[in-house]
């Protein structure tokens, strides 16, 4: 997930350019000089400027100072890098949240949340002895909190909450 | 006097008391878990506050954040892993004290001086806010614009990263608020034909994504912290009074620095702790002892980060400009509860204001007994397996956003997308706090800019010609140019020895 400054700076400049052009095409309010296009165009232009500066490496010095400062205050064994595949594992939580958005209406809250908890717990290295009971109990408790305390009905789906 | 009695009535309602107590325990537990920050604790609370009365909602945020900032010191002391970024500055000293067998003194300092600092911060809020409110009543859109810009610039200034990247992150936040039809012309902007985007991006799902889901993602890429050994701790508060008398100057300086940094828009508890620790070392008679388990820096920085917490509410309540990331969330809740920030809050809702002060004081007082219990139980709670805590937090992110978004699944998508954005930004040195401040303040910045320009017929002269406005403008540009100045000084400093 670590990208070079050229990539992120380039992306920001592109986004800024897109915002500038899209923003400048917005229809004006009749009879007024400034309308809805002023702000996005301004932000877009500034983003282009920032993106270019980042590509050129301006300000990198400050980051190095801050990183060294933080490293000197943390236990060294905690900072040792983990294998690269772990950084791809980071995509799992947002994927599971998207899964919730797609499946919760059809499957219902309890099964959806159960699948999410089980998958995430195993990814964090939990033994099945911990992950399975957690996946069964945690969704139940969360449902209870939202239904009874906050009075938010969560989707019932295949397995509606029993009371 | 009448409003004061009303305020007590508001605070001592059963619902509010339960909310304070429950959120105190919640804040202590979440803050003590390494990798879960005070901001995350607050962000996850928002969906719950949605269903509480206004005072109870604010009470949960005030109490939980104060507790979480303190209990972030616990894993720092016992494991050398700060529970929250605000504890990072003095983790070395606290851990060194533990290794010398003075764990209870170190934890006692964190607890005692956190509570004292919190109370000092509250007093500053009580004194400063009404005075500034009077002043702020005379502000027009020009001043509001510069004030908001100054807040955004301060946020980029303190980001502990490249200032350019911080500004880019802040601009990205402002751009996000352009989405939707809530703009001067009422035309759909950046909606790409989607009806969900017409209403714009809600602040709360964005916050939950950036502060909570992104943390879960990051935890997956980091190793599990080691377990705390079960150790017998002596009396926690023993000797604290002696330390209070021994280091009065350090404590006072920590409180004052914390208060000032808290009032500065965008700079929060972590910054306060770093600055105070550095300052303590600079003025100490025995700077060589710092980092080896010396209580001095611990006292100053521990007081400072809790003092900043309360004073961070000054700009938040007065102008809707967050003092730090926690008040950025609080502002969202204030709007949600109809307590729109602004100087009139102090005249029209005076009893609510007094109620906030009482809650702050109360929270810092109950911190001491609850904190002692927490320290005693720390070896059990901090040892809770990460593989059980993180999945539950992830589900909470999804359900909480769903519930606050009016049972709308679009909010859940927002959480996922903002989690990704936050994670990628953080990994590449773009401070997410700056983006969040942009998101929180964007609509206000645009409104004050466009209204001002319409009033002046497109001329930018009034932005600089009005007296208060010109001062604020000068401060904003100074904040913008400050990094250039720092860089030049550092350059000269490194060149001079080389030349000589």
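Chains as they are written, first to last, in the working numbering: chain A, 1 to 163; chain B, 1001 to 1500.
Ideal placement from N, C-alpha and C gives every residue a C-beta, glycine not left out.
Computed from a predicted structure; not experimentally measured.
Nearest chain A C-beta to residue i closer than 9 angstroms, yes or no?
{"i": "residue 1140(B)", "result": "no"}
{"i": "residue 1144(B)", "result": "no"}
{"i": "residue 1419(B)", "result": "yes"}
{"i": "residue 1110(B)", "result": "no"}
{"i": "residue 1178(B)", "result": "yes"}
{"i": "residue 1221(B)", "result": "yes"}
{"i": "residue 1050(B)", "result": "yes"}
{"i": "residue 944(B)", "result": "Given that chain B is displayed from residue 1001 to residue 1500, the structure contains no residue 944(B) and the question cannot be resolved."}
{"i": "residue 1023(B)", "result": "no"}
{"i": "residue 1487(B)", "result": "yes"}
{"i": "residue 1100(B)", "result": "no"}
Buried or exposed: residue i, going by 16 or more other Cβ atoms within 10 Å of its Cβ?
{"i": "residue 123(A)", "result": "buried"}
{"i": "residue 1343(B)", "result": "buried"}
{"i": "residue 1500(B)", "result": "At residue 1500(B), the pLDDT of 46 sits below 50, so the modelled position is not reliable; the number obtained from the coordinates is stated separately. By the 10 Å Cβ count, residue 1500(B) comes out exposed."}
{"i": "residue 93(A)", "result": "buried"}
{"i": "residue 1348(B)", "result": "exposed"}
{"i": "residue 27(A)", "result": "exposed"}
{"i": "residue 1425(B)", "result": "buried"}
{"i": "residue 14(A)", "result": "exposed"}
{"i": "residue 1270(B)", "result": "buried"}
{"i": "residue 1292(B)", "result": "exposed"}
{"i": "residue 1093(B)", "result": "buried"}
{"i": "residue 1153(B)", "result": "buried"}
{"i": "residue 1242(B)", "result": "exposed"}
{"i": "residue 1478(B)", "result": "exposed"}
{"i": "residue 95(A)", "result": "exposed"}
{"i": "residue 1069(B)", "result": "buried"}
{"i": "residue 1255(B)", "result": "buried"}
{"i": "residue 1364(B)", "result": "buried"}
{"i": "residue 1183(B)", "result": "buried"}
{"i": "residue 1489(B)", "result": "exposed"}
So, with DSSP's three-state summary, where would you put residue i?
{"i": "residue 1253(B)", "result": "helix"}
{"i": "residue 31(A)", "result": "coil"}
{"i": "residue 1189(B)", "result": "strand"}
{"i": "residue 1291(B)", "result": "coil"}
{"i": "residue 1180(B)", "result": "strand"}
{"i": "residue 1144(B)", "result": "helix"}
{"i": "residue 1202(B)", "result": "coil"}
{"i": "residue 1355(B)", "result": "helix"}
{"i": "residue 996(B)", "result": "Residue 996(B) lies beyond the stretch modelled for chain B, which goes from 1001 to 1500, so this question has no answer here."}
{"i": "residue 1134(B)", "result": "helix"}
{"i": "residue 1084(B)", "result": "coil"}
{"i": "residue 1382(B)", "result": "coil"}
{"i": "residue 1108(B)", "result": "helix"}
{"i": "residue 1270(B)", "result": "helix"}
{"i": "residue 1376(B)", "result": "helix"}
{"i": "residue 1223(B)", "result": "coil"}
Step through the CB atoms of chain B and report whether any lies within less than 9 angstroms of the CB of residue i.
{"i": "residue 16(A)", "result": "yes"}
{"i": "residue 158(A)", "result": "no"}
{"i": "residue 29(A)", "result": "yes"}
{"i": "residue 35(A)", "result": "yes"}
{"i": "residue 107(A)", "result": "no"}
{"i": "residue 144(A)", "result": "no"}
{"i": "residue 136(A)", "result": "no"}
{"i": "residue 140(A)", "result": "no"}
{"i": "residue 10(A)", "result": "no"}
{"i": "residue 126(A)", "result": "yes"}
{"i": "residue 68(A)", "result": "no"}
{"i": "residue 62(A)", "result": "yes"}
Give me the Cβ distance between residue i and residue j, rounded to the nearest whole Å; I'm assuming they're in contact under 8 angstroms.
{"i": "residue 999(B)", "j": "residue 1311(B)", "result": "Beyond the ends of chain B as shown, which are 1001 and 1500, falls residue 999(B); an answer cannot be given."}
{"i": "residue 1168(B)", "j": "residue 1430(B)", "result": "7 angstroms"}
{"i": "residue 1307(B)", "j": "residue 1121(B)", "result": "4 angstroms"}
{"i": "residue 1175(B)", "j": "residue 40(A)", "result": "7 angstroms"}
{"i": "residue 1066(B)", "j": "residue 1367(B)", "result": "6 angstroms"}
{"i": "residue 1309(B)", "j": "residue 1341(B)", "result": "With a Cβ gap of about 17 angstroms, residue 1309(B) and residue 1341(B) do not count as contacting."}
Stretch pair the region 10-25 of chain A + the region 1434-1446 of chain B: three plus CB contacts closer than 8 angstroms: No, the region 10-25 of chain A is not in contact with the region 1434-1446 of chain B.
Cβ pair count under 8 angstroms reaching 3, the region 1234-1251 of chain B against the region 1297-1315 of chain B: The region 1234-1251 of chain B and the region 1297-1315 of chain B touch, with no fewer than 3 CB-CB distances between them shorter than 8 angstroms.
Three CB pairs or more closer than 8 angstroms across the region 113-133 of chain A and the region 1008-1018 of chain B: No contact exists between the region 113-133 of chain A and the region 1008-1018 of chain B.
Three CB pairs or more closer than 8 angstroms across the region 1376-1383 of chain B and the region 1351-1362 of chain B: No, the region 1376-1383 of chain B is not in contact with the region 1351-1362 of chain B.
Cβ pair count under 8 angstroms reaching 3, the region 1057-1068 of chain B against the region 1010-1027 of chain B: Verdict: yes, contact present.
Given 8 angstroms, three or more beta-carbon pairs between the region 106-113 of chain A and the region 147-161 of chain A: Enough Cβ pairs lie closer than 8 angstroms, so yes.
Stretch-stretch touch, CB-based, cutoff 8 angstroms, three pairs: the region 1205-1220 of chain B with the region 1407-1424 of chain B: The region 1205-1220 of chain B, when compared against the region 1407-1424 of chain B, does touch it at the 8 angstroms Cβ threshold.
Stretch pair the region 1447-1454 of chain B + the region 1137-1150 of chain B: three plus CB contacts closer than 8 angstroms: Contact between the region 1447-1454 of chain B and the region 1137-1150 of chain B is present, because at least three Cβ pairs lie under 8 angstroms.
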